[in-house]
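Residue numbers (the numbering used here): 1 to 68. The C-beta atom is built at its ideal place from N, Cα and C for all residues, glycine as well.
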């Protein structure tokens, strides 16, 4: 949820992303699906839905500003 909130403040897009995440978890979870693969699928979908290719940009700026 935090990732989606970092990506967009649009609640409609947040809801759409959550629905897609649940769909991915339901359809693609299996013994062979690794957590890394599933999370990659989820992050790609969040990026598509929100049209935000770098949704960790805000977080990176905060981390960078604190490290100076």
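Straight-line Cα distance separating residue j from residue i
| i | j | result |
| --- | --- | --- |
| residue 1 | residue 18 | 8 Å |
| residue 14 | residue 25 | 17 Å |
| residue 33 | residue 43 | 15 Å |
| residue 21 | residue 58 | 22 Å |
Residue i, enclosing alpha helix (DSSP H) - first and last residue
| i | result |
| --- | --- |
| residue 27 | 11-28 |
| residue 3 | 2-7 |
For residue i, the three-state DSSP class (helix, strand or coil)
| i | result |
| --- | --- |
| residue 67 | coil |
| residue 40 | helix |
| residue 53 | coil |
| residue 45 | helix |
Exposure label - residue i; buried when at least 16 CB within 10 Å
| i | result |
| --- | --- |
| residue 63 | exposed |
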